[in-house]
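Trainee:
Numbering (the UniProt record's numbering), first residue to last: 1 to 310.
1) From residue 276 to residue 19, what distance separates their C-alpha atoms?
2) Out of 25, 15 and 245, which has the shortest C-alpha to C-alpha gap to residue 296?
3) What first and last residue would you give for the alpha helix (DSSP H) that runs through residue 83?
4) Can you give me the C-alpha to C-alpha distance between residue 102 and residue 191, rounded to a whole angstrom?
5) Using a 10 Å radius around the Cβ and a threshold of 16 neighbouring Cβ atoms, would you call residue 9 buried or exposed?
6) Is it true that the CB of residue 87 sits closer than 9 angstroms to the CB of residue 111?
7) Could you round the C-beta distance between residue 206 and residue 113 to whole angstroms and report it? I think they count as a contact, below 8 angstroms.
8) Are the segment 137-144 and the segment 92-99 touching, with three or more C-beta to C-beta distances below 8 angstroms?
9) Mapping the DSSP letters down to three states, classify residue 288 as helix, strand or coil.
10) Do you know offhand how far residue 78's Cα is from residue 140's?
11) Using three-state DSSP, classify residue 155 as helix, strand or coil.
12) Can you grab the Cα-Cα spacing for the pair residue 280 / residue 54, in whole Å?
13) Grab the span of the alpha helix (DSSP H) containing residue 80 for me, first residue to last.
14) Could you check the C-alpha separation between residue 249 and residue 84 for me, to the nearest Å?
15) Are there 16 or more other CB atoms within 10 angstroms of the CB of residue 137, so buried, or fewer, so exposed?
16) Closest by CA to residue 69, which one among 7, 283, 189 and 150?
17) Quick one, which of 61, 30 and 59 has its alpha-carbon nearest residue 49's?
18) Residue 152 to residue 117, Cα distance in whole Å?
19) For residue 294, which three-state DSSP category applies?
20) Assign residue 17 to one of three DSSP states: helix, strand, or coil.
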């Protein structure tokens, strides 16, 4: 039986809109890259990572929406074993896949674009295309291992009295905070912190390299087109760095407020966590010429502009 409150209905409506936008954006990325793969029979390394990232975000948004919908509208279904355990397993799997694939993409861009004279860095630049499949495979295995452990952890705690959960829990099932629940915090924190450090390090190195290269071009009076390209790349990396930093803070706060029912802070945290895959995917689309060109073709905006020009 459904148990709908005004708070739950509003939250579900907002989350549904964000989920729809994120699913559409990531489905677009996956479709464009799959069509290119079929036509050319191959994809470059960055496109392979983008394809996997789009798939993981698509699945993550879908399973997270199901989780939020059940926890706010049909909370009792989460107590039917193993519904909650399976949702936590798949959500953890796609969440950590999303984090690690985005970290792999940032590391790839750093090694491929940045210019340093260090011999080890030059070696990585030469071998990076061969290393990408192993990086992606290792990220997937790590995400799967964390998901299996999360399933095992979720299977151990005892639920609170069912009669006290009429209004449901917003983000997690109303699980008793016993000794079995704390390892999940440590596990999630480890995955978030490791991927966050990889992204931050890569972004800082890339920004430093782009800034140094831009300074050299200014000194040598290079053409404005090259300058504009480097400034655009720096803005893209910087925006990604800011987005990822805020997302990391939200992931940490989500662990702190995990047991709060119908909390405004929890609601805001969840809203941003749904927004991050949407906005970051848009940044990736507009930083990729192929994806940007295809998106502009299907948007009515470009057509209307062309009509006005004509």
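Don't be surprised by glycine CBs; every beta carbon is placed ideally from N, CA and C.
Mentor: To lay it out plainly:
1) Going from the Cα of residue 276 to the Cα of residue 19 covers about 11 angstroms.
2) The shortest C-alpha separation from residue 296 is found at 25.
3) Residues 83-113.
4) Going from the Cα of residue 102 to the Cα of residue 191 covers about 13 angstroms.
5) Around the beta carbon of residue 9, fewer than 16 other beta carbons sit within 10 angstroms, so the residue counts as exposed.
6) For residue 111 and residue 87, no; Cβs fall outside 9 angstroms.
7) Rounded, the Cβ-Cβ distance is 6 angstroms, consistent with contact.
8) In short, these stretches touch, since the Cβ pair count reaches three.
9) Three-state DSSP puts residue 288 in coil, outside helix and strand.
10) Between the alpha carbons of residue 78 and residue 140 lies a distance of about 27 angstroms.
11) When DSSP states are grouped into helix, strand and coil, residue 155 belongs to the coil group.
12) Cα to Cα, residue 280 sits roughly 11 angstroms from residue 54.
13) Run containing residue 80: none; DSSP gives neither H nor E here.
14) So the alpha carbons of these two residues sit roughly 25 angstroms apart.
15) The residue in question, residue 137, is exposed, as its Cβ has fewer than 16 Cβ neighbours within 10 Å.
16) Checked all of 7, 283, 189 and 150; the closest Cα to residue 69 is 7.
17) Minimum Cα distance to residue 49 is reached at 30.
18) The straight-line gap from Cα to Cα measures roughly 47 angstroms.
19) Residue 294: helix per DSSP, three-state reduction.
20) In the structure shown, residue 17 sits in a helix (DSSP, three-state: H, G or I).
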